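Novice: One structure is given below, represented as structure tokens, and several questions about it will come after.
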Amino acid sequence: MPNSLTQLWPDRDESKKHCSLGRVYSHYFQTVVADTPDLQDAAHRLRYRIYCLENPGYENPDHHHDGRERDDYDNRSIHTLIRHKNSGEYIGVIRVVLPDKADARAQFPFQRAVDTPRVRVLASQHEFCEISRLGLIKDFRTQSGDSYKNHIDGMPVSTFVILGLVQGALKTSLENKTGNAFFIVEPKLLRALSMMGLSEHEALGEPVDYHGMRQAFSFNYLRNFERLKERNADLWSFMTGNGHLHRIAIDLERPQEKKPLYYRPLIA
Numbered sequence: 587m588p589n590s591l592t593q594l595w596p597d598r599d600e601s602k603k604h605c606s607l608g609r610v611y612s613h614y615f616q617t618v619v620a621d622t623p624d625l626q627d628a629a630h631r632l633r634y635r636i637y638c639l640e641n642p643g644y645e646n647p648d649h650h651h652d653g654r655e656r657d658d659y660d661n662r663s664i665h666t667l668i669r670h671k672n673s674g675e676y677i678g679v680i681r682v683v684l685p686d687k688a689d690a691r692a693q694f695p696f697q698r699a700v701d702t703p704r705v706r707v708l709a710s711q712h713e714f715c716e717i718s719r720l721g722l723i724k725d726f727r728t729q730s731g732d733s734y735k736n737h738i739d740g741m742p743v744s745t746f747v748i749l750g751l752v753q754g755a756l757k758t759s760l761e762n763k764t765g766n767a768f769f770i771v772e773p774k775l776l777r778a779l780s781m782m783g784l785s786e787h788e789a790l791g792e793p794v795d796y797h798g799m800r801q802a803f804s805f806n807y808l809r810n811f812e813r814l815k816e817r818n819a820d821l822w823s824f825m826t827g828n829g830h831l832h833r834i835a836i837d838l839e840r841p842q843e844k845k846p847l848y849y850r851p852l853i854a
């Protein structure tokens, strides 16, 4: 895998390369877990804006008369929001659908499109979540040709927001003792996720027509963290919270393993 941060940030200001990705991100954005009724409501309103209004045909607004997009999986889901500090506006959302440990037959959203024997076996193990409803408001993903309208130090704002959303989803699922995930994505987003360090994944069947052509994949967090650490320390540090999520992933996968020296306790 090429230097993924260089691919994501090809026009980075040379004078600012001493600033870590995390420091630049936190200057402009805040990652917020939707863990209160008000924040959960904000997540559903944002989903309505993105999936019912700004992307015609994805979800029918007539099915959501209260201006909130919901489905049957939300009762076992946790949302993460991205807040734009300058405007105070929530601009991105992502959802983690956790396994239903009380019902081994409970399905994930993507299984409406892809439900092979391999998928059913993996889903029944209660070690997988599904990452879904990754969305960004139109104002922050407007493009003109190949160039984005909004950039921060040469990187598209949308890339920063997607990085924050994915990192938030990884954190949510790991803190809920889930170290593997399913996702169903279009090719463009899959390429972006690969550049963000999630390059080790297993295809679960062929592409299907599911809100456009998409393909289902599974990935293991620990395997991706270890590969990313070898490739790019700055991106690894951001995606794992300075190694915190990597340690959780190790504890989930190999609880008896002695930690390598680089897993030092974080200092507050």
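Residue numbers (this note's numbering): 587 to 854. Ideal Cβ positions, reconstructed from N, Cα and C, are used throughout, including at glycine. Keep in mind that this is a model prediction, so the values were computed, not measured.
1. With DSSP as the reference, identify every bridge partner of residue 668, one or two as the case may be.
2. Using the beta-carbon count (16 or more within 10 Å), is residue 731 buried or exposed?
3. Mind reading off the beta-carbon distance from residue 747 to residue 722? Whole number of angstroms is fine, and I expect it under 8 Å.
4. Between residue 783 and residue 825, how many whole angstroms is the CB-CB distance? I'm expecting something under 8 Å.
5. Nearest to residue 675 by CA position, among 830, 629, 700, is which residue?
6. For the stretch 759–775 against the stretch 804–823, are there 3 or more C-beta pairs whose distance is under 8 Å?
7. Determine whether the beta carbon atoms of residue 691 and residue 654 lie at a separation below 7 Å.
8. Which residues in the same chain as residue 772 place their Cβ atom closer than 7 Å to its Cβ, once the five residues preceding and following it in sequence are excluded?
9. Looking only at its chain, what residues have a beta carbon closer than 7 Å to the beta carbon of residue 559, apart from the 5 residues adjacent to it on each side?
10. With a threshold of 16 other CB atoms inside 10 Å of the CB of residue 735, please say whether the residue is buried or exposed.
11. Using DSSP with H/G/I as helix, E/B as strand and the rest coil, what is residue 825?
12. Short of 8 Å in beta carbon distance, which residues of its chain neighbour residue 786, apart from the five on each side in sequence? Order them along the chain.
13. Buried or exposed for residue 711, going by 16 or more other Cβ atoms inside 10 Å?
14. Where residue 774 and residue 837 are concerned, what is the direct C-alpha to C-alpha distance, given to the nearest angstrom?
15. Does residue 757 pass the burial test, meaning 16 or more other C-beta atoms within 10 Å, or should it be called exposed?
16. Is the beta carbon of residue 754 less than 7 Å from the beta carbon of residue 622?
17. Which stretch, first to last residue, makes up the alpha helix (DSSP H) that contains residue 782?
18. If we ignore side chains and look at the alpha-carbon of each, how far apart do residue 697 and residue 651 end up?
19. For the alpha helix (DSSP H) containing residue 744, name the first residue and the last one.
20. Give me, in chain order, the residues of the same chain whose beta-carbon lies closer than 8 Å to that of residue 611; leave out the 5 immediate sequence neighbours on both sides.
21. Going by DSSP, what residues sit across from residue 673 in a beta bridge?
22. From residue 658 to residue 627, what distance separates their C-alpha atoms?
23. Per DSSP, what are the beta-bridge partners of residue 771 in this structure?
24. Given that a residue counts as buried once 16 or more other Cβ atoms are within 10 Å of its Cβ, and exposed if not, what is residue 663?
Specialist: The answer reads as follows:
1. The count along the sequence shown starts at 1 and reaches residue 668 at position 82. DSSP output for residue 668 lists 617, 678 as bridge partner(s).
2. Taking the first residue of the sequence shown as position 1, residue 731 is located at position 145. Reliability of the predicted coordinates at residue 731 is poor, the pLDDT of 37 falling under 50, and no value is obtained from them.
3. Within the sequence shown, numbered from 1, the residue matching residue 747 stands at position 161. Within the sequence shown, numbered from 1, the residue matching residue 722 stands at position 136. Right, the Cβ-Cβ distance comes to about 5 Å (below 8 Å), so this counts as a contact.
4. For the purposes of this step, residue 783 is taken as residue 197 along the sequence shown, with counting starting at 1. For the purposes of this step, residue 825 is taken as residue 239 along the sequence shown, with counting starting at 1. Indeed, because the Cβ distance is near 5 Å, the residues count as touching under 8 Å.
5. Looking up residue 675 in the sequence shown gives position 89. The shortest Cα separation from residue 675 among 830, 629, 700 belongs to 629.
6. yes
7. The sequence position of residue 691 within the sequence shown is 105, counting from 1. The sequence position of residue 654 within the sequence shown is 68, counting from 1. Against a cut-off of 7 Å, the Cβ pair of residue 654 and residue 691 comes out as no contact.
8. Position 186 of the sequence shown, counted from the first residue, corresponds to residue 772. Only 798, 799, 800 meet the Cβ criterion.
9. No answer is possible for residue 559: the residues shown for the chain start at 587 and end at 854.
10. Within the sequence shown, the letter at position 149 stands for residue 735. Any reading at residue 735 must be qualified, since the residue scores a pLDDT of 49, below 50, and its modelled position is unreliable; the value itself is stated next. Residue 735 should be labelled exposed.
11. Within the sequence shown, the letter at position 239 stands for residue 825. DSSP places residue 825 in helix when its eight states are reduced to three.
12. The residue labelled residue 786 in the question sits at position 200 within the sequence shown. Same-chain partners within the cutoff: 805, 806, 809, 810, 813.
13. Here residue 711 corresponds to residue number 125 of the sequence shown, with the count starting at 1. That one is exposed.
14. Translated into the one-based positions of the sequence shown, residue 774 becomes position 188. Translated into the one-based positions of the sequence shown, residue 837 becomes position 251. Their backbone Cα atoms lie some 32 Å apart in a straight line.
15. On the sequence shown, residue 757 is found 171 positions in, with the first residue counted as 1. With 16 or more other Cβ atoms within 10 Å, it is buried.
16. Locating residue 754 in the sequence shown gives position 168, where the first residue counts as 1. Locating residue 622 in the sequence shown gives position 36, where the first residue counts as 1. Result no, Cβ atoms of residue 754 and residue 622 do not sit closer than 7 Å.
17. As a position in the sequence shown, residue 782 is number 196, starting the count at 1. Segment: none, residue 782 is in no alpha helix (DSSP H) and carries neither H nor E.
18. Taking the first residue of the sequence shown as position 1, residue 697 is located at position 111. Taking the first residue of the sequence shown as position 1, residue 651 is located at position 65. Cα to Cα, residue 697 sits roughly 26 Å from residue 651.
19. If you number the sequence shown from 1, residue 744 lands on position 158. Taken as a continuous stretch (DSSP letters only), the alpha helix (DSSP H) holding residue 744 covers 743–761.
20. Mapped onto the sequence shown, residue 611 falls at position 25. If we look at residue 611 and ignore the five residues flanking it on each side, its Cβ neighbours are 746, 749, 750, 824.
21. For the purposes of this step, residue 673 is taken as the residue at position 87 of the sequence shown. Answer is none; residue 673 lacks a bridge partner.
22. Taking the first residue of the sequence shown as position 1, residue 658 is located at position 72. Taking the first residue of the sequence shown as position 1, residue 627 is located at position 41. Straight-line Cα distance between these residues: approximately 15 Å.
23. Taking the first residue of the sequence shown as 1, we reach residue 771 at position 185. 801, per the DSSP bridge assignment.
24. Working through the sequence shown from its first residue, we reach residue 663 at position 77. Buried is the call here.
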